[in-house]
Structures are given as C-alpha cells and as structure tokens.
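*Asks:* Residue numbers (the numbering used here), protein chains in the order written: chain A, 1 to 114; chain B, 1001 to 1116.
All C-beta atoms, glycine included, are put in the ideal place defined by N, C-alpha and C.
Small disclaimer: the values here were computed from a predicted structure and weren't measured.
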Amino acid sequence: GQQLNQSPQSMFIQEGEDVSMNCTSSSIFNTWLWYKQDPGEGPVLLIALYKAGELTSNGRLTAQFGITRKDSFLNISASIPSDVGIYFCAGRLADSGNTGKLIFGQGTTLQVKP
Amino acid sequence: NAGVMQNPRHLVRRRGQEARLRCSPMKGHSHVYWYRQLPEEGLKFMVYLQKENIIDESGMPKERFSAEFPKEGPSILRIQQVVRGDSAAYFCASSHYGLAGNNEQFFGPGTRLTVL
C-alpha cells in the first residue's frame, strides 16, 4: 500500500541540540510537506517542497526534497523548549491523478529538555 | 482569524446517533479535504471536495459516511448510526489550488468525536 515510513518515532533531546528526522517511501512523490501538531490542535504547516533536490528553510527549520523523489528530511537547529510536539511528513503521490490527497507519516514525537 | 474553522471542537454521541461535523475553509479557498486521526497515529485521508463536487472519496468508508461542500455554507462530514470505532479526531483542510500550482493544505483545529 501507499506508505510513508517516518523516523525516528520519538526523540528526547537537550535544549540547544540539532534534530533530524526523515520520511521514506517506495513510491514517488511530487510534493512534500512538513507539519507540526500540538496536543489538541490541528497540524500547522512548516515547510512545503515541490521540486526534487529542493532545499528550503524557515527560520531554524530546513527541509529537503530527496533527489529520488522518494524521501524528505527535516532538520531543526538549536532546539528550544517550544519545539516540543509531533512532527509529520506528508506527501502527494506523483501518480495520484486528479486528487490532492496527502499521505501522512506516522509522526515523530519531539521532547526537549531545558 | 482567517484560518480554517471547524465546529464543534468536541462532540459526544451515543451509538446509533448521527454526527455532523462542519468545516469553513480559509477565505478564497475552494478545495476542502477531510482526514481522520486515531490516537498515536498519523492522519488518514477520507475525501476531497471542490465546491458542489466530490473529487476523490477513496478514503471514505462505504457505508454511513457522507460529505458535501455546497455552493453556500460550510463543508459537512456526516456520520450516520455512529459506532465506537468512529471515535477519533476529524480534521478539515483547505487549499487555494487543487492540482494546478502549489496546493499547500491548511488544517483546522479538528473535531474530537467520542462515541459512548
């Protein structure tokens, strides 16, 4: 089936450390999106990627669209306590026809120790 | 706040009742998506609608679930004869474009449905 494998499942880090997480698939995607979700809230869009090899930053966040179009990673530099939350990758399959539906990864739970 | 609006935020129903979840997209957005999230899991696509049209309902259960996005008013996700397995968070997202151009999807705060 259409799956995104997101890793790691959870991370517990010290404030100030850098964080890296990624999503991989056996399918080809033409869009990668990274979201952050706080408890009881909806996902908030962090970064959107539309071209293979594209590298995009948003403050301390950097994400890349893999050249093979089957993966993407998100880096967070110099983590702070408010980075705590669940991070999701989401992608739109290249052969998804007339639908804009997104496939979501399982999420990476980030905890930051002050 | 011009974001995606969903109501109610919390909904409690007894088995066999109907649940109606409403979503108002961001201003200027004509594409709406519904997703379901179970605890400790990612979001699962249900249905994609454009004004008055269902474009993709491949993620919708075959029975009891329906969705609409009328010309006027919010999009509605309707669940008839709810069962305990329907308990989940239901999220609506909207985008400005469908397939043409960049179609970032922006999410609402969700409706948490609890079936007793």
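1) Can you tell me the Cα-Cα spacing of residue 33/A and residue 1061/B, whole angstroms?
2) If I measure Cβ to Cβ from residue 16/A and keep anything under 7 angstroms in the same chain, skipping five residues before and after, which residues do I get?
3) In the segment 1066-1107 of chain B, which residue ranges form an unbroken beta strand (DSSP E) of at least 3 residues, counting only runs that do not cross its ends?
4) Flag this pair as yes or no: are the beta carbons of residue 22/A and residue 83/A separated by less than 8 angstroms?
5) Residue 83/A by DSSP, collapsed to three states: which one?
6) Based on Cα-Cα distance, which residue from 6/A, 8/A, 105/A and 88/A lies nearest to residue 35/A?
7) To the nearest angstrom, how far is it from the Cα of residue 86/A to the Cα of residue 98/A?
8) Please state the DSSP three-state secondary structure of residue 1035/B.
9) Which chain A residues sit within Cβ distance under 7 angstroms of residue 1049/B?
10) CA-CA distance, residue 1026/B and residue 75/A?
11) Grab the span of the beta strand (DSSP E) containing residue 58/A for me, first residue to last.
12) Output, in chain order, the set of chain C residues within a Cβ distance shorter than 9 angstroms of residue 64/A.
13) Please state the DSSP three-state secondary structure of residue 1056/B.
14) Beta carbons nearer than 7 angstroms to chain B: which residues of the segment 34-66 of chain A have them?
15) What are the partner residues of residue 13/A, as DSSP defines its beta bridges?
16) For residue 106/A, which residues in chain B fall below 9 angstroms Cβ to Cβ?
17) With DSSP as the reference, label residue 4/A as helix, strand or coil.
18) Is it a yes or a no for the segment 102-109 of chain A touching the segment 1061-1072 of chain B, going by three-plus beta-carbon pairs under 8 angstroms?
19) Counting only the same chain and skipping the five closest in sequence on each side, list residues whose C-beta sits under 7 angstroms from that of residue 3/A.
20) Can you say whether residue 57/A is buried or exposed, counting buried as having 16 or more other CB atoms within 10 angstroms of its CB?
21) List, in chain order, every chain B residue whose beta-carbon is nearer than 9 angstroms to that of residue 5/A.
*Replies:* Taking the geometry as given:
1) Stepping through the first sequence from its first residue, residue 33/A is reached at position 33. Stepping through the second sequence from its first residue, residue 1061/B is reached at position 61. Approximately 26 angstroms between the Cα atoms of the pair.
2) Your numbering for residue 16/A matches position 16 in the first sequence. So the qualifying residues of the chain are 78 and 79.
3) Within the segment 1066-1107 of chain B, the complete beta strand (DSSP E) segments of 3 residues or longer fall at 1075-1079 and 1088-1095, listed in chain order.
4) Translated into the one-based positions of the first sequence, residue 22/A becomes position 22. Translated into the one-based positions of the first sequence, residue 83/A becomes position 83. In this structure, residue 83/A does not lie closer than 8 angstroms to residue 22/A by Cβ.
5) Residue mapping note: residue 83/A aligns to position 83 of the first sequence, counting from 1. If DSSP states are grouped into helix, strand and coil, residue 83/A belongs with the helices.
6) Within the first sequence, the letter at position 35 stands for residue 35/A. When only C-alpha atoms are compared, the closest one is 88/A.
7) In the first sequence, counting from the first residue as 1, residue 86/A sits at position 86. In the first sequence, counting from the first residue as 1, residue 98/A sits at position 98. Distance between the alpha carbons of residue 86/A and residue 98/A is about 30 angstroms.
8) One-based indexing of the second sequence puts residue 1035/B at position 35. In this structure, residue 1035/B counts as strand in the three-state DSSP scheme.
9) As a first step, residue 1049/B is located in the second sequence; it is residue number 49 there, counting from the start. Within 7 angstroms Cβ-Cβ: nothing; residue 1049/B doesn't reach chain A, min ~10 angstroms.
10) Indexing the second sequence from 1 puts residue 1026/B at position 26. Indexing the first sequence from 1 puts residue 75/A at position 75. When rounded, the distance between both Cα atoms is 29 angstroms.
11) If you number the first sequence from 1, residue 58/A lands on position 58. Per DSSP, residue 58/A belongs to the beta strand (DSSP E) from 55-58.
12) Among the chains of the structure shown, chain C does not appear; the protein chains present are A and B.
13) Stepping through the second sequence from its first residue, residue 1056/B is reached at position 56. Here residue 1056/B sits in strand by DSSP.
14) 41, 42, 43, 45, 48 and 50
15) Indexing the first sequence from 1 puts residue 13/A at position 13. Bridge partners of residue 13/A according to DSSP: 112/A.
16) Locating residue 106/A in the first sequence gives position 106, where the first residue counts as 1. Simply 1040, 1041 and 1042.
17) Taking the first residue of the first sequence as position 1, residue 4/A is located at position 4. Here residue 4/A sits in coil by DSSP.
18) no
19) Locating residue 3/A in the first sequence gives position 3, where the first residue counts as 1. Apart from the 5 residues on each side of it in sequence, residue 3/A sits with its Cβ closer than 7 angstroms to the Cβ of 25 in its chain, given in chain order.
20) For the purposes of this step, residue 57/A is identified with residue 57 of the first sequence, where counting begins at 1. Of the residues assessed, residue 57/A falls on the exposed side of the cut-off, its CB having fewer than 16 other CB atoms within 10 angstroms.
21) What you label residue 5/A is simply residue 5 of the first sequence in a count that begins at 1. Within chain B, no residue comes near residue 5/A; the closest Cβ sits about 11 angstroms away, beyond 9 angstroms.
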